[in-house]
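Asks: For reference, the structure I am asking about is given below.
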Amino acid sequence: MTKKTIAVVGITGNQVWLLGCRNIRARTWLVRQRHFTRSIETLSQGIARSIDVVATDLDLPGSMGKAFSGANVIFGATGFVQHLLDSGTTPIRLSHGKIQYNLHFDCKWAAVEYLKENSPELWKKTSLLQLGIFASNWKIPYYTPRKQEDGTYKLSFPMDGEEEFSIIDPNADTGNLVKGLFQIAPSTHLVGATSMITWDEWCKIWSRVNEVNCTFERLDRSLLEDAMGPLGREIADMFQYMDELGYDGSDPTVVYPWDLGVKVKTTPIDVYLADQDWSSVL
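Numbering (this note's numbering), first residue to last: 140 to 421.
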């Protein structure tokens, strides 16, 4: 079988490392990795021997040619902190200007608009993967259920507990989602989700897994803004966007894994939650 090459920008990152491993195991892909600031030593030696590491610099136009030469597929990821761009793009447009500080979404979409405007031929061959809320976010303090004096637990965000959103295990599922995109035509905008869920439902599953009582409570956004400053405003705007427009902004062009027409394995949220060590929370 002829082996194909996927060029991955920053394979030691959270999602792309798993993408590389999954395609290595498939044995039909050679993973060519652009040298990233994090050490290749974070990969196991056995896996690293299956990866062609190419030293390049994203800040030097033209330096990526060697890494991309002969590649069948190029995979790149936007980073919230790394790509904080000044943009008036999709989330602002979809909210008709109401939500101005949802940088988690806006700054990433700026990269999409740049590609569309500056490389129209490449854009025709491009698919997008927009991962849902990370299931692993529970490890971030403000995403963690908090124990109350009566022994129950509460989870609080500035949005409605009955509003659905997409959720995903990025480490386990990103590779499968990208593999699914390989199998269909380009120009697909895929929202990476294992399922749609509400925070009320999340709390019920978490309660069952840990044999406790956890409920959701809507949080006043001002509490985040007062405690976290500009970051609190950004997080509050993100939740407002999800609450009022949905995680996908009600964008009619997006599809979900169950719409692709090919089988894509993802991790059910109840399986993910049951597999976690909650001793630090309980």
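Every residue, glycine too, gets a C-beta built ideally from N, C-alpha and C. The model shown is predicted, which means the values in this text are computed figures rather than measured ones.
Between the beta-carbon of residue 348 and the beta-carbon of residue 413, is there less than 8 angstroms?
Replies: yes
Asks: Whole angstroms are fine: how far does the CA of residue 377 sit from the CA of residue 383?
Replies: 10 angstroms
Asks: Using three-state DSSP, classify residue 269 as helix, strand or coil.
Replies: strand
Asks: Name the DSSP beta bridge partners of residue 335, please?
Replies: 305
Asks: Output the distance between the C-alpha atoms of residue 359 and residue 340, rounded to the nearest integer angstrom.
Replies: Straight-line measurement puts the Cα of residue 340 at about 20 angstroms from the Cα of residue 359.
Asks: How is the beta strand (DSSP E) around residue 361 delimited, first residue to last?
Replies: No beta strand (DSSP E) contains residue 361, which is instead part of the alpha helix (DSSP H) from 360-367.
Asks: So what does DSSP say about residue 295, is it helix, strand or coil?
Replies: strand
Asks: Where does residue 400 land, buried or exposed, given buried means 16+ other C-beta within 10 angstroms?
Replies: It counts as exposed.
Asks: Measuring straight from C-alpha to C-alpha, what distance separates residue 269 and residue 328?
Replies: 7 angstroms
Asks: Between which two residues does the alpha helix (DSSP H) harbouring residue 410 extend?
Replies: Run containing residue 410: 408-413, per the alpha helix (DSSP H) assignment.
Asks: Does the distance from the C-beta atom of residue 342 to that of residue 421 stay below 8 angstroms?
Replies: Between residue 342 and residue 421, the C-beta spacing is not below 8 angstroms.
Asks: Among 309, 321, 300, 317, which one has its Cα closest to the Cα of residue 336?
Replies: 300
Asks: For the alpha helix (DSSP H) that contains residue 260, what are its first and last residues?
Replies: 259-263
Asks: Please state the DSSP three-state secondary structure of residue 252.
Replies: helix
Asks: List the endpoints of the continuous beta strand (DSSP E) containing residue 212.
Replies: That run of the beta strand (DSSP E) goes 212-214.
Asks: Which residues bound the alpha helix (DSSP H) around residue 206?
Replies: Counting along the chain, the unbroken alpha helix (DSSP H) around residue 206 starts and ends at 204-207.
Asks: Whole angstroms are fine: how far does the CA of residue 368 sit from the CA of residue 381?
Replies: CA-to-CA, the gap between residue 381 and residue 368 works out to about 20 angstroms.
Asks: Short check: CB of residue 306 to CB of residue 272, under 8 angstroms?
Replies: yes
Asks: Nearest-angstrom Cα distance between residue 144 and residue 246?
Replies: C-alpha separation (whole angstroms): 29 angstroms.
Asks: Sort 324, 405, 277 by Cα distance to residue 331 and report the nearest one.
Replies: 405
Asks: List the residues that DSSP assigns as beta-bridge partners of residue 356.
Replies: 295
Asks: Can the beta-carbon of residue 338 be found less than 8 angstroms from the beta-carbon of residue 284?
Replies: no
Asks: List the DSSP bridge partners of residue 286.
Replies: Residue pairing for residue 286: DSSP places it in a beta bridge opposite 292.
Asks: Hey, would you say residue 407 sits closer than 8 angstroms to residue 357, going by beta carbons?
Replies: no
Asks: I'd like to check one pair, residue 250 with residue 411: are the Cβ atoms closer than 8 angstroms?
Replies: no
Asks: Tell me, to the nearest whole angstrom, how far the beta carbon of residue 326 is from that of residue 402; I am working on the premise that it is less than 8 angstroms.
Replies: In fact, because the Cβ distance is near 21 angstroms, the residues do not count as touching under 8 angstroms.
Asks: Is the Cβ-Cβ distance between residue 364 and residue 243 less than 8 angstroms?
Replies: no
Asks: Relative to the C-alpha of residue 317, which candidate in 213, 386, 302 has its C-alpha closest?
Replies: 213
Asks: Do you know offhand how far residue 276's Cα is from residue 267's?
Replies: Distance between the alpha carbons of residue 276 and residue 267: 22 angstroms.
Asks: Do the CB positions of residue 444 and residue 312 come within less than 8 angstroms of each other?
Replies: Since the first and last residues shown for the chain are 140 and 421, residue 444 lies out of range.
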